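Numbering (this note's numbering), first residue to last: 21 to 236. Below you'll find the structure, written out as structure tokens, and then a few comments.
Now the structure itself:
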């Protein structure tokens, strides 16, 4: 009976992890689309992908796949090892979800300060919630996050790696005419605290079950 109970707890943990992962890769792109449609400035990486898609006349998902693959190979170069293609899995799901929400909310655009600010903050909340759920799932990270981890393994601080990447993404997006503006600064300042708040909130709800199952 104890073996059956232990197996049940492990299955419950896996189910919770999968649900959190799905929430993350589906809801996060919705938040990204809202920040883009606010036209006040979005996160550098997101603005870069949308700008590339518009310039090249391709789906946003294809731009996401392209930049994600570049990140995979750069991370491999930093480690001087083989590319970790498992991290690309998240980008596949995020790309599909981004195309979906971009189509669904094509007519939802910020036309004034109030509507734009509303979309921006709604996007930040959704992204924060989704990223927190994604992190708690414990499932494979995405290529850009893995690149930061690779830098950390080479004794480069996470803060320095993250700031450097953000600056590069913002500059590239700006040059390509992406959605870079005051909203970019707002996203940079607020996303961390929002993710942290949701991480603890969701963790209190499911953390006990995940811990219980993992300790078995």
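Using N, Cα and C, we set each Cβ at its ideal position, and we do this for glycine too. Quantities reported herein were computed from a predicted structural model and do not represent experimental measurements.
Neighbourhood of residue i by C-beta, 6 Å cutoff - its chain only, sequence neighbours within 5 removed
i: residue 139; result: 54, 57, 58, 130
i: residue 154; result: 44
i: residue 83; result: 69, 72, 73
i: residue 13; result: Here the chain comprises residues numbered 21 to 236, so residue 13 is not present and cannot be evaluated.
Residue i and residue j closer than 9 Å at C-beta
i: residue 87; j: residue 65; result: yes
i: residue 51; j: residue 196; result: no
i: residue 70; j: residue 148; result: no
i: residue 117; j: residue 49; result: yes
i: residue 214; j: residue 200; result: no
i: residue 85; j: residue 63; result: no
i: residue 47; j: residue 150; result: yes
Proximity to residue i [Cα-Cα], best of the options
i: residue 182; options: 191, 193, 169; result: 169
i: residue 172; options: 121, 198, 31, 95; result: 95
i: residue 90; options: 107, 76, 217, 207; result: 107
i: residue 102; options: 109, 110, 93; result: 93
i: residue 40; options: 126, 110, 184, 202; result: 110
i: residue 156; options: 220, 77, 179; result: 220
i: residue 141; options: 127, 202, 42; result: 202
Contacting residues, own chain, Cβ-Cβ under 8 Å from residue i (five flanking each side not counted)
i: residue 205; result: 61
Three-state class that DSSP yields for residue i in the structure shown
i: residue 44; result: helix
i: residue 127; result: coil
i: residue 103; result: coil
i: residue 132; result: coil
Close Cβ partners of residue i (< 7 Å) along its chain, the five nearest in sequence each way excluded
i: residue 122; result: 53, 80
i: residue 210; result: 144
Test: residue i CB closer than 9 Å to a CB of chain C
i: residue 110; result: As a matter of chain content, chain C is missing from the structure shown, which is built from one protein chain.
Which parts of the segment 152 to 215 are runs of the alpha helix (DSSP H), unbroken and 4 residues or longer, counting only runs that do not cross its ends? Segments of the alpha helix (DSSP H) lying fully in the segment 152 to 215: 163 to 173, 178 to 195.
Counting only runs of 4+ residues fully inside the segment 52 to 98, write out the alpha helix (DSSP H) ranges in chain order. Whole alpha helix (DSSP H) segments, 4+ residues: 64 to 76.
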